[in-house]
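S.K.: Okay, handing you the structure first.
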Amino acid sequence: MKVGFARVSTQEQDLNVQLSKLNEFGCEKIFQGKQSGASIKNEEKLKELIDFIREGDEVIVTRLDRLGRSLKSILDSIDSIHNKGACLNIIDGSLNTSNDNPFSNAMINLCGVFAQLERDLIKSRTAEGRADAKANGKHMGRTPALSDQKAQELYKAKLKGKSISALARKFEVSRPTVHRTIERMELQNNK
Numbered sequence: 005m006k007v008g009f010a011r012v013s014t015q016e017q018d019l020n021v022q023l024s025k026l027n028e029f030g031c032e033k034i035f036q037g038k039q040s041g042a043s044i045k046n047e048e049k050l051k052e053l054i055d056f057i058r059e060g061d062e063v064i065v066t067r068l069d070r071l072g073r074s075l076k077s078i079l080d081s082i083d084s085i086h087n088k089g090a091c092l093n094i095i096d097g098s099l100n101t102s103n104d105n106p107f108s109n110a111m112i113n114l115c116g117v118f119a120q121l122e123r124d125l126i127k128s129r130t131a132e133g134r135a136d137a138k139a140n141g142k143h144m145g146r147t148p149a150l151s152d153q154k155a156q157e158l159y160k161a162k163l164k165g166k167s168i169s170a171l172a173r174k175f176e177v178s179r180p181t182v183h184r185t186i187e188r189m190e191l192q193n194n195k
């Protein structure tokens, strides 16, 4: 039986391209998810796949890094697939592990190394981009719930004795947001 495995890392990404390729390749069952390759959820999805497959099955992925985000997790997944008597077929890498020979094993390890290298390079570039953005004064992360002006108004109202609940209602934010805003204003004013 041909069994597919499709994964994207975030909820915003689309699985359709992978699903289409797996269907074209003749997969009768496809396990899919939107989770990071480094997450527990990915391990759970892989476990579902490995529990499902039987001897003689063929596990198909579009790319090797769909199995995991580190060389160790990818190689562990491949070992689990092989231990069940199934083989792995990687569409984009033109690699099929049904041929259990030294060349095939070397190619798997080499592909895993390149998948890990690609992930490490992406992490490095992302970190550089963040550092550059911070150095140029760009705000990283979510936009604050309250503008600086509104935060000052909230802080002044708190100093005048307004309750946290009343402030949350007035500024249409949660109580924890009021607490964080007060802490932030206290830090700014004490500098």
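In terms of the working numbering, the sequence shown is numbered consecutively and its last residue is 195.
Even glycine gets a Cβ: it sits at the ideal position worked out from N, Cα and C.
Keep in mind that this is a model prediction, so the values were computed, not measured.
(1) Going by the CB atoms, is the gap between V177 and A149 shorter than 7 Å?
(2) Within 10 Å of its beta-carbon, does L92 have 16 or more other beta-carbons around it, so buried, or fewer, so exposed?
(3) Alpha helix (DSSP H) containing L114: first to last residue?
(4) Roughly how many angstroms lie between the CA atoms of K160 and E190, to the nearest whole one?
(5) How long is the line joining the alpha carbons of P180 and T147, rounded to whole angstroms?
(6) Here's the rule I'm using: 16 or more other beta-carbon atoms within 10 Å means buried, otherwise exposed. How should A10 be labelled?
(7) Check whether the region 109-121 touches the region 57-77, counting contact only when three or more Cβ pairs, one atom from each stretch, lie closer than 8 Å.
(8) Would S81 be called buried (16 or more neighbouring beta carbons within 10 Å of its own) or exposed?
(9) Under the three-state reduction of DSSP, which class applies to N100: helix, strand or coil?
(10) Tell me the rounded alpha-carbon separation between I54 and G141.
(11) How far does the beta strand (DSSP E) with N93 in it reach, from first residue to last?
(12) Measure the alpha-carbon distance for E32 versus R67 and round it to whole angstroms.
(13) Is the Cβ of S102 closer than 7 Å to any Cβ of chain D?
(14) Put K38 into one of helix, strand or coil per three-state DSSP.
(15) Mind checking V21: buried by the 16 CB within 10 Å criterion, or exposed?
(16) Keeping to the same chain, check which residues put their C-beta closer than 8 Å to that of T108; ignore five residues upstream and five downstream.
(17) Is it true that the CB of V65 sits closer than 7 Å to the CB of K38?
(18) Excluding the 5 residues preceding and the 5 following D88 in the sequence, name in chain order all residues of the same chain whose CB lies nearer than 8 Å to its CB.
M.R.: The relevant details are as follows:
(1) By one-based count along the sequence shown, residue 149 stands at place 145. By one-based count along the sequence shown, residue 177 stands at place 173. Result yes, Cβ atoms of A149 and V177 sit closer than 7 Å.
(2) Residue 92 sits at position 88 when you count from the first residue of the sequence shown. Classification for L92: buried.
(3) In the sequence shown, the residue the question calls residue 114 occupies position 110. Taken as a continuous stretch (DSSP letters only), the alpha helix (DSSP H) holding L114 covers 106-139.
(4) As a working mapping, residue 160 is identified with position 156 in the sequence shown. As a working mapping, residue 190 is identified with position 186 in the sequence shown. So the alpha carbons of these two residues sit roughly 11 Å apart.
(5) As a working mapping, residue 180 is identified with position 176 in the sequence shown. As a working mapping, residue 147 is identified with position 143 in the sequence shown. Answer to the nearest angstrom: the Cα atoms are 16 Å apart.
(6) Residue 10 sits at position 6 when you count from the first residue of the sequence shown. By the 10 Å Cβ count, A10 comes out buried.
(7) yes
(8) As a working mapping, residue 81 is identified with position 77 in the sequence shown. With 16 or more Cβ atoms within 10 Å of its Cβ, S81 is classed as buried.
(9) On the sequence shown, residue 100 is found 96 positions in, with the first residue counted as 1. Strand at N100.
(10) Counting from 1 along the sequence shown, the entry for residue 54 is found at position 50. Counting from 1 along the sequence shown, the entry for residue 141 is found at position 137. Each residue's Cα considered, the two are about 47 Å apart.
(11) Your numbering for residue 93 matches position 89 in the sequence shown. Taken as a continuous stretch (DSSP letters only), the beta strand (DSSP E) holding N93 covers 91-94.
(12) The residue you call residue 32 lines up with position 28 of the sequence shown. The residue you call residue 67 lines up with position 63 of the sequence shown. Rounded to the nearest angstrom, the two C-alpha atoms are 18 Å apart.
(13) Given the protein chain composition of this structure (a single chain), no chain D is represented.
(14) Numbered from its first residue, the sequence shown carries residue 38 at position 34. Strand.
(15) Taking the first residue of the sequence shown as position 1, residue 21 is located at position 17. By the 10 Å Cβ count, V21 comes out exposed.
(16) The sequence position of residue 108 within the sequence shown is 104, counting from 1. The amino acid occupying residue 108 in the given sequence is Ser; Thr does not appear at that position. Contacts found: L99, N100, T101.
(17) Counting from 1 along the sequence shown, the entry for residue 38 is found at position 34. Counting from 1 along the sequence shown, the entry for residue 65 is found at position 61. Cβ distance not < 7 Å, so K38 and V65 don't count as in contact.
(18) As a first step, residue 88 must be located in the sequence shown, where it is residue number 84. First, the amino acid is wrong: residue 88 is Lys here, not Asp. Excluding sequence neighbours, K88 sits near I54, I57, R58, E59, D61.
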